[in-house]
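Residue numbers (the working numbering), protein chains in the order written: chain A, 1 to 218; chain B, 1001 to 1218.
Backbone N, C-alpha and C define an ideal beta-carbon position, used for all residues, glycine too.
Fair warning: this is a prediction, and the values are worked out from it, not measured in the lab.
2 protein chains.
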Amino acid sequence: MREKKSAETRAKILEAALELFREKGFAETSMREVANRAKVATGLAYYYFASKDVIVHDFYQKAKDDLAPLLDAAQKGKKLETRLAALISVKFKYFEPNRKFLGALMGHAADPANPLSPFAPESKEVREQDLAQFVRALEETETTVPADMAAHLPKILWMYQMGLILFWIYDRSEGQARTMKLLDASVRMVSVLIRLGSLPLMKPARKTVLELVEILEG
Amino acid sequence: MREKKSAETRAKILEAALELFREKGFAETSMREVANRAKVATGLAYYYFASKDVIVHDFYQKAKDDLAPLLDAAQKGKKLETRLAALISVKFKYFEPNRKFLGALMGHAADPANPLSPFAPESKEVREQDLAQFVRALEETETTVPADMAAHLPKILWMYQMGLILFWIYDRSEGQARTMKLLDASVRMVSVLIRLGSLPLMKPARKTVLELVEILEG
DNA sequence: CTGCCGTTTTGAACACGTTCAAAAATATCT
DNA sequence: AGATATTTTTGAACGTGTTCAAAACGGCAG
């Protein structure tokens, strides 16, 4: 009976933390507040979560599981641009209530050494599930990708998505209208770019891009 | 005589802070340590610098002044790609000793609300001097930029540079070799892109890009 | 029930960034 | 010079994330 109780306490703390993060943001919420709202001692939060950051990792994990069916449902239509827009929109919708506190996390977005970065090893699982969705979108649409690009294109699209999300997080316009515009315009541009870039004539251009991508990936 | 003394104390604190930041990084240095090394009370550091972050802003300002002549010296040659590479290399060289502690700052790079972000109003002065260098590089090289692009291209190049710097900061390869490769390859690609994009035939493509840029700039 | 052991829970403690009232040093005025 | 105002300097204090020794609890053997 100890285990169940333990799991309940853990859940209670996580819930309190996410509530507060949503209400006031990540940095503005103290661990003492989290513990208070969960009606436990400060130290107990650290018994269950090694750090404030780790709470967030749990949130990612939950998001991954929640998103899986939503993303699958978004995979329909023959046009790449609609699929891309759908995949990305799903994330916007899902994360909408947490947009503010995601901002605090994305602070460290670029640093792969930071455990909270989407590029960090800690986020590998989440990242790879997401990557798979882009692979699928490319496969199931009428897009033809040259062999030399096929291996890298999903990751390029994923990075494009991360850029959009970053923009969205800091987009202060009403209802993130600017991001919506950007999504629409850029998704079309990306599709055109892929179509044009796939022309046999474009092989040298692809070589250059690939060279770049390979340096980026190390 | 008060003013001179005051300026000396301020300088002493700034010096101590930057020393420590270089030695141990930004986050790892405490204000108490800074004050100790400067042989003053903790509170005095806050009398001269409103926050730990503000010390960094002073560092930016100093960098701006130091860099000005170096950047001017780098403005030679008729090829855009050599100028771009030169302008960016100058910054790599100059910031090399502070690479580690820049990483800590760039943590918040993407958030324009963060005072330390290169996109923040606080960094306006520095950013604009830098922008001017790209304007000059475009003017003084044999690059011909279509009228519709002229207004935006410098900012695009500046953002390209910021991306490279971000990569450089987190580049763990020996001597940042990967960044050097990336600089070389990407500078060539950027030049080609500008040349190709300037073809009259490319007007529709430019329209699309401009649409995007205008959304990005809000 | 008693004693034991591992798990869970507590709250005081540490170093941190930052603030602030009060003290010291310095300039200004009479 | 002495009194007054202003600037500079101090160090204790606050709330923060995090740690840790010790207390409370729960299941189990005798």
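Asked	Found
Considering Cα atoms alone, identify which of G77/A, I88/A, L105/A, K76/A is closest to D53/A.	L105/A
Can you list the residues of chain A that G1249/B reaches, using a CB-CB cut of under 8 Å?	Nothing can be reported for residue 1249/B, as the shown portion of chain B is limited to 1001 through 1218.
Is it buried or exposed, R1127/B, if we count other Cβ atoms within 10 angstroms and call 16 or more buried?	buried
Can you tell me whether K5/A is helix, strand or coil according to DSSP?	helix
Hey, L1138/B and L1153/B are a contact pair by Cβ (cut 8 Å); roughly how many whole angstroms apart?	6 Å
Counting only runs that start and end within the region 1120 to 1151 of chain B, where is the alpha helix (DSSP H) found for 4 or more residues in a row?	1124 to 1140, 1147 to 1150
Can you give, in chain order, each stretch of the alpha helix (DSSP H) that sits fully within the region 1147 to 1206 of chain B and has at least 4 residues?	1147 to 1150, 1153 to 1169, 1177 to 1197
So which residues on chain A does T1082/B lean against when the C-beta distance must stay under 9 Å?	By Cβ distance, chain A contributes nothing, its closest Cβ being about 18 Å from T1082/B, past 9 Å.
Would you mind listing the beta strand (DSSP E) stretches within the region 1044 to 1077 of chain B that are 3+ residues and don't spill past its ends, in chain order?	none
Do you know whose CA, among Y1048/B, F1026/B, V1040/B, lies nearest E1003/B's CA?	Y1048/B
At a cut-off of 7 Å, is L216/A close to the ligand MN when judged by its beta-carbon and the heavy atoms of the ligand?	The ligand MN is absent from the structure shown, which contains no ligands of any kind.
So for E1217/B, helix, strand or coil by DSSP?	helix
Taking Cβ positions, are I156/A and L80/A nearer each other than 8 Å?	no
Since T1208/B meets chain A, which of its residues come closer than 8 Å, beta carbon to beta carbon?	A185, R188, M189, V192
Whole angstroms are fine: how far does the CA of N1114/B sit from the CA of V90/A?	28 Å
Just to confirm the assignment, what range does the alpha helix (DSSP H) spanning A85/A have?	80 to 95
Hey, is E28/A's beta-carbon within less than 8 Å of any beta-carbon in chain B?	no
Between D1171/B, H1057/B, P1200/B, which lies nearest to P1121/B when the distance is taken from Cα to Cα?	H1057/B
Mapping DSSP to helix, strand and coil, what is G25/A?	coil
Using a Cβ-Cβ cutoff of 9 Å, what residues of the region 1137 to 1167 of chain B are near chain A? List them in chain order.	L1166, F1167
Using the C-alpha atoms, what's the distance from Y170/A back to M1031/B?	30 Å
Please tell me whether L212/A has its Cβ less than 8 Å away from any Cβ of chain B.	yes
Under a three-way DSSP split, which group does V40/A fall into?	coil
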